[in-house]
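Following my numbering, the numbering of the sequence shown begins with 206 at its first residue and continues without gaps.
Glycine is no exception: its CB is placed at the ideal position from the N, C-alpha and C atoms.
Data block below; observations after.
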Amino acid sequence: MGDARMLGLRGRVTGTVGPGLVGEVMISVRGGAEAFYAYSFENGLRIPVGTMVVVVEYQAPRTVYVEPM
């Protein structure tokens with residue numbers, strides 16, 4: 206999936222995102238849900254499991270930077 210198409214997609218945190226952690230989010234893409242490694246776009250922000258987030262940056266192939274909605 207191209208960079209531009211990933212931006213703005215919404216997902217749910219399935220592994221805590223935060224300082225010193227590689228989090229995980231599930232994002233709906235290509236007709237299903239896929240897991241991506243996730244980091245907070247805002248340094249130092251902790252995002253707990255279950256939080257809905259939006260993708261603000263994408264690094265192929267499986268890494269996203271997110272913000273809470």
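Does DSSP put Met231 in a helix, in a strand, or in coil?
-> strand
Give the DSSP bridge partners of Met151, in chain order.
-> Any answer about residue 151 is impossible in this case: the structure gives the chain only from 206 up to 274.
Taking C-alpha atoms, which residue in Leu212, Pro224, Val259 and Arg210 lies nearest to Val230?
-> Val259
Other residues of its chain near Gly216: CB distance less than 6 Å, five sequence neighbours each side excluded | Val230, Met231, Ile232 and Val258
Same chain, Cβ closer than 6 Å to Gly223, five either side skipped, listed in chain order = Excluding five sequence positions before and after Gly223, the CB atoms of its chain that fall closer than 6 Å to its own CB belong to Arg251, given in chain order.
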